[in-house]
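Residue numbers (the numbering used here): 628 to 1004. Note that CB positions come from ideal geometry on N, CA and C, so glycine has one too. Source: prediction; values computed, not measured. Only one structure is covered here, and it is reproduced in the block below.
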């Protein structure tokens, strides 16, 4: 299979022996604005199988001869697809980071998109995500709560920009990449610059929390399972494995040159908790009490600081849940609350009571009962 890094197109090509000398040639058999995977040959026949998909067209498998001409579709996945409305299409947005990196973002148009109309938009990221431009988005309830097709089906544009990182600055790297990316996306005429929200989970949750401390560009932010204090997190345990967190900071996503003792200013500069006074963006914070990847105390620190400073914040915790939400009823609850949160701040819908007034602990059971989802909802 072949892939265009800057077009996000994909296909299948065959390397053919050269007719003269040893130089081989390449014959393109399939090349389109799609995602192509799972190429395989039958063991005892000149028959090939492969799959194709787009953001709004589910993965389907095909069989064909060696030329891949007249491929026959063998599957009919997502038979209930017609029940949903789907994105009107996708666009690539080119931009340059504040540090000079040439990058791209994938912009997903809302269903029923009308050219010239500007739409509320949710920006989602996790390091590099633009390669997901043609990845099928199944309308379900994932453990991190984010489902792009749910938003494009409900009048939102979705923008997924790439982030590249500079050593000692994982938080600032998001600022240097995401802000120019969003400005470039606004220039397409699709996005309403006054109605933009941000969402991310885990490392993306960290980027969301940090961005909320650095800019007032966004009208709502929903960080999930966010790392918020680089200093305190460094010495905690990654409970899902039982190991320490040091390697995350020095040899993985943190990208720090050493621990906080050698690099104090960088750890503070990139920790949301130390910039919390600058937050003006309403925040919907998710952190579960049994999170074995990003310790629950990271969410508590951020929430308590925001509350102390009278910032607009609500924290959601699903008791017994880990880094991702496992129970279907909790996944649905979080997805619906997140949509209510963005609908209020980006679409002007009435504030949900749980956001406006909170929920007293004594009333929590009744509150959850009235919103309960079962497996069939």
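So residue i and residue j are in contact, right, with Cβ under 8 Å, and what is the actual spacing, rounded?
i, j, result
"residue 680", "residue 662", "5 Å"
"residue 837", "residue 760", "Residue 837 to residue 760, Cβ: 25 Å. No contact."
"residue 969", "residue 824", "5 Å"
"residue 705", "residue 736", "With 8 Å as the limit, residue 705 and residue 736 do not qualify as a contact, their Cβ atoms being about 20 Å apart."
"residue 818", "residue 853", "About 24 Å; that fails the 8 Å criterion."
"residue 911", "residue 747", "Incorrect: roughly 16 Å between the Cβ atoms, too far for contact."
"residue 933", "residue 955", "Not quite, the Cβ-Cβ distance comes to about 30 Å (not below 8 Å), so this is no contact."
"residue 811", "residue 722", "4 Å"
"residue 685", "residue 778", "Not a contact, Cβ separation roughly 18 Å."
"residue 961", "residue 882", "Their Cβ separation, rounded to whole angstroms, is 29 Å, which puts residue 961 and residue 882 out of contact at 8 Å."
"residue 890", "residue 795", "6 Å"
Apart from the five residues just before and just after residue i, which ones in its own chain have a Cβ nearer than 8 Å to its Cβ?
i, result
"residue 667", "675, 676, 677"
"residue 700", "687, 688, 689"
"residue 855", "833, 836, 898, 899, 900, 925, 926, 928, 929"
"residue 843", "907, 908"
"residue 669", "675, 676"
"residue 994", "981, 986"
"residue 643", "651, 652, 653, 654"
"residue 744", "none"
From the DSSP secondary-structure annotation, give me the bridge partner or partners of residue i.
i, result
"residue 942", "912"
"residue 828", "851"
"residue 976", "Per DSSP, none; premise fails for residue 976."
"residue 723", "729"
"residue 688", "678"
"residue 717", "735"
"residue 900", "Beta-bridge pairing links residue 900 to no other residue."
"residue 700", "689"
"residue 629", "638"
With 8 Å set as the bound, which would you pick, yes or no: does the beta-carbon of residue i sit closer than that to a beta-carbon of chain E?
i, result
"residue 761", "Chain labels in this structure do not include chain E; a single protein chain is all it has."
How far does the alpha helix (DSSP H) with residue i in it reach, from first residue to last?
i, result
"residue 708", "Element bounds for residue 708: n/a, residue is neither H nor E."
"residue 993", "991 to 997"
"residue 925", "923 to 935"
"residue 736", "No alpha helix (DSSP H) contains residue 736, which is instead part of the beta strand (DSSP E) from 729 to 736."
"residue 673", "Taken as a continuous stretch (DSSP letters only), residue 673 belongs to no alpha helix (DSSP H), as it is neither H nor E."
"residue 876", "873 to 877"
"residue 893", "891 to 896"
"residue 813", "797 to 813"
"residue 861", "857 to 861"
"residue 777", "775 to 779"
List the endpoints of the continuous beta strand (DSSP E) containing residue i.
i, result
"residue 788", "784 to 788"
"residue 665", "662 to 668"
"residue 655", "652 to 659"
"residue 637", "637 to 643"
"residue 746", "746 to 751"
Please go through the same chain and pick out, in chain order, the residues whose beta-carbon is closer than 6 Å to the beta-carbon of residue i, but skip the five residues on each side of it.
i, result
"residue 718", "734"
"residue 756", "787"
"residue 630", "637"
"residue 979", "967"
To which residues of the same chain is residue i closer than 7 Å at the C-beta, ignoring the five residues directly before and after it?
i, result
"residue 725", "803, 807"
"residue 773", "751, 826, 828"
"residue 1024", "The structure shown does not extend to residue 1024, since the chain is modelled only from 628 to 1004, so the question has no answer here."
Can you tell which of the options has the C-alpha that lies nearest to the C-alpha of residue i?
i, options, result
"residue 741", "727, 782, 728", "782"
"residue 822", "955, 809, 834, 830", "809"
"residue 877", "869, 973, 867, 888", "888"
"residue 672", "665, 692, 655", "692"
"residue 658", "642, 644, 638", "638"
"residue 951", "938, 771, 932", "771"
"residue 710", "766, 630, 959", "766"
"residue 857", "997, 955, 748, 830", "830"
"residue 920", "939, 954, 948, 778", "948"
"residue 938", "848, 785, 872", "848"
"residue 913", "936, 946, 885", "946"
"residue 800", "730, 762, 743", "730"
"residue 986", "845, 754, 941, 893", "941"
Report whether the distance from the Cβ of residue i to the nearest heavy atom of the ligand GDP is below 7 Å.
i, result
"residue 805", "Looking at this structure, you won't find the ligand GDP or any other ligand, since it has none at all."
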